[in-house]
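Undergrad: This structure is in structure tokens; I'll ask about it shortly.
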Amino acid sequence: MVIFKKNYREVDPGTGKAPKNTKQDFKQIRRAILMVVLLVFAFFFFNSCWFTIQEEQQAVVCTFGKPKAVTEPGLHFKIPLIQSVTKVNTTIQGLTVGYDEREEYTDEAMMITSDYNFIRVDFYAEYRISDPVKALYASQDPVAILNNIAQNCIRTTIGSYGVDAVLTTGKNEIQANIKQMIMDKLETYDIGVQLVNITIQDAQPPTTEVIAAFKEVETAKQGKETALNNANKYRNEQIPEAKAEADKILQDAQAQKESRINEAEGQVARFNSMYEEYIKYPTITKQRMFFETMEDVMPEMKVIIQSGDGSQVQQLLPLESFQAE
3 MVIFKKNYRE VDPGTGKAPK NTKQDFKQIR RAILMVVLLV FAFFFFNSCW
53 FTIQEEQQAV VCTFGKPKAV TEPGLHFKIP LIQSVTKVNT TIQGLTVGYD
103 EREEYTDEAM MITSDYNFIR VDFYAEYRIS DPVKALYASQ DPVAILNNIA
153 QNCIRTTIGS YGVDAVLTTG KNEIQANIKQ MIMDKLETYD IGVQLVNITI
203 QDAQPPTTEV IAAFKEVETA KQGKETALNN ANKYRNEQIP EAKAEADKIL
253 QDAQAQKESR INEAEGQVAR FNSMYEEYIK YPTITKQRMF FETMEDVMPE
303 MKVIIQSGDG SQVQQLLPLE SFQAE
């Protein structure tokens, strides 16, 4: 048989108070609750003494209203309730000008060129926080200021170029001018933001007919450049061959020149030697030259030379056998 008993609090009938041991239990409970509260407070207090900076972050620690940048990543100490920490993302971030998240043109994309033509141009800018203190305290919204500066510089630059340059050949120059103008203004305003790059995403006239016409112009220009490249290639191929042929002709001419000179010098030397013999014996030399010439002209002729002193001695030229063949 099991008997259940209720645990009733014993109360003094005369005073109506609980016995002393019940009061001690209440004190112990309050002490335990207070200890838990103190431990929780100590945990959060100790935990608030430290903060962590990632590789892509910098922090600004503000002590009694005086900010200071902390750039080294890792675990850092701060004084609770006195110092406040604000973390800043320092990686390269993007900013769109002229189109929205759905990649559709906005009102900012419509611009006017120097030749009074309307055109839609959108840009993509890349920036980063260069000074976290100035980015937090030099202005209320540095990114909005960058956006306004970019729009102003873009419209100013586009307004100084013709529509052909914006759509076709002048994009690189326009991008460079806009980038330099934005960087100069950011340096003047000094809001802690640095422009990394800005590029033209797309540029189109506002109507379909004009878009098609400009595409035809672009195609024609590309065809022109292709023809020029082919012509330059042909010229570069033909010029070396022509130069080689010219060098060969010059070398042949030089060789022929030297051959003629050598031949002429040989003939002059031979003539000089004959002239020297002629001076010594002019009559004999004349006769010899006469006989040699006659031999060349009439090789079958026989020459008989009779002595001039009246002797009977005769010479037969050319000397050959007197026997008949």
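So in the working numbering the end of the sequence shown lands on 327, straight run, no missing numbers.
Glycine is no exception: its CB is placed at the ideal position from the N, C-alpha and C atoms.
Please report how far the alpha carbon of Val195 lies from the alpha carbon of Tyr118, in whole angstroms.
TA: If I take the Cα positions, the gap works out to 34 Å.
Undergrad: Out of Asp249, Asn238, Lys68, Val99, state which residue places its alpha-carbon closest to the alpha-carbon of Met113.
TA: Cα-wise, what sits closest to Met113 is Val99.
Undergrad: For Thr65, which residues from the same chain have a beta carbon less than 7 Å from its beta carbon, with the 5 sequence-adjacent residues on both sides left out?
TA: Result list for Thr65: Ile84, Gln85, in chain order.
Undergrad: Starting from Val1, trace the beta strand (DSSP E) both ways and give me its first and last residue.
TA: In the structure as shown, the chain begins at 3 and stops at 327. Residue 1 is therefore absent and cannot be evaluated.
Undergrad: Give the range of the beta strand (DSSP E) segment to which Thr98 is assigned.
TA: 95 to 99 is the span of the beta strand (DSSP E), which, as asked, contains Thr98.
Undergrad: For Ile202 versus Ile184, is the C-beta spacing smaller than 8 Å?
TA: Result no, Cβ atoms of Ile202 and Ile184 do not sit closer than 8 Å.
Undergrad: Below 8 Å, can you find three or more Cβ-Cβ pairs linking the region 163 to 178 to the region 219 to 233?
TA: Counting Cβ pairs under 8 Å, three or more are found: they touch.
Undergrad: Where does the unbroken beta strand (DSSP E) through Glu128 begin, and where does it stop?
TA: 120 to 131 is the span of the beta strand (DSSP E), which, as asked, contains Glu128.
Undergrad: From Asn91, Val135, Ala146, Val123, pick the residue whose C-alpha is nearest to that of Thr159; which is it?
TA: Nearest of Asn91, Val135, Ala146, Val123 to Thr159, Cα basis: Val123.
Undergrad: Check the DSSP bridge columns for Asn199 and list the partner residues they point to.
TA: In the DSSP output, where bridge partners are listed per residue, Asn199 has Glu128.
Undergrad: So what's Gln206 in DSSP terms, helix, strand or just coil?
TA: Strand.
Undergrad: Between the region 133 to 142 and the region 186 to 194, do at least 3 Cβ pairs fall closer than 8 Å?
TA: Yes, the region 133 to 142 is in contact with the region 186 to 194.
Undergrad: Can you list, in chain order, the residues of its chain with a C-beta nearer than 8 Å to that of Asn335? Leave out the 5 residues immediately preceding and following it.
TA: No statement about residue 335 is possible, as the shown extent of the chain runs from 3 to 327 and does not include it.
Undergrad: Spatial neighbours of Lys181 within its chain, please: C-beta separation below 6 Å, excluding the five flanking residues on both sides.
TA: Same-chain partners within the cutoff: Ile200.
Undergrad: Leaving out five residues on either side along the sequence, give the residues of the same chain with a beta carbon under 8 Å from the beta carbon of Gln325.
TA: Confidence at Gln325 is low in this model, with a pLDDT of 45, below 50, so the placement of that residue should be treated as unreliable; the coordinate-derived value is given next. Within the same chain, Gln325 has no close Cβ partners at all.
Undergrad: Please report the straight-line C-alpha distance between Asn232 and Asp249, rounded to a whole angstrom.
TA: Near 26 Å, if we compare the C-alpha coordinates of Asp249 and Asn232.
Undergrad: Can you grab the Cα-Cα spacing for the pair Gln30 / Leu41, in whole Å?
TA: Cα to Cα, Gln30 sits roughly 16 Å from Leu41.
Undergrad: With a CB to CB cut of under 8 Å and the five nearest residues on each side skipped, what residues in its chain are close to Leu97?
TA: Excluding positions up to five away in sequence, the list reads Tyr126, Ala127, Glu128, Tyr129, Val145, Leu148, Asn149, Ala152.
Undergrad: For Leu188, which residues from the same chain have a beta carbon less than 8 Å from its beta carbon, with the 5 sequence-adjacent residues on both sides left out?
TA: Excluding positions up to five away in sequence, the list reads Leu148, Ile151, Val195, Gln196, Leu197.
Undergrad: What's the gap between the Cα of Val72 and the Cα of Asn234?
TA: Near 58 Å, if we compare the C-alpha coordinates of Asn234 and Val72.
Undergrad: With Thr285 as the anchor, note down where its alpha helix (DSSP H) starts and where it stops.
TA: Element bounds for Thr285: 284 to 299.
Undergrad: How many angstroms separate the CA atom of Asn154 from the CA atom of Arg104?
TA: Approximately 23 Å, taken between the alpha carbons.
Undergrad: With DSSP run on the structure shown, which of helix, strand or coil describes Gln30?
TA: Helix.
Undergrad: Helix, strand or coil for Lys280 per DSSP?
TA: In the sequence under discussion, the amino acid at residue 280 is Tyr, which differs from the Lys named in the question. Reduced to three states, the DSSP call for Tyr280 is helix.
Undergrad: Is the separation between the beta-carbon of Gly161 and that of Thr115 shorter than 8 Å?
TA: Yes, they are a contact pair.
Undergrad: Based on the DSSP output, what are the partners of Lys226 in its beta bridges?
TA: Partner(s): none; Lys226 has no beta bridge.
Undergrad: What do you reckon, are the CB atoms on Leu138 and Val63 nearer than 8 Å?
TA: No, Cβ-Cβ distance for Leu138 and Val63 is not below 8 Å.
Undergrad: Can you tell me whether Tyr163 is helix, strand or coil according to DSSP?
TA: Correct three-state label for Tyr163: coil.
Undergrad: How should Glu110 be labelled, buried or exposed, when 16 other C-beta atoms within 10 angstroms of its C-beta is the threshold for buried?
TA: The residue is buried, with at least 16 neighbouring Cβ atoms inside 10 Å.
Undergrad: Taking its Cβ as the centre, do 16 or more other Cβ atoms sit within 10 Å of Gln269, making it buried, or is it exposed?
TA: Under this definition Gln269 is an exposed residue.
Undergrad: Between the alpha carbons of Val391 and Phe28, how many angstroms are there, rounded?
TA: Residue coverage of the chain in this structure runs from 3 to 327, which leaves residue 391 outside it and unanswerable.
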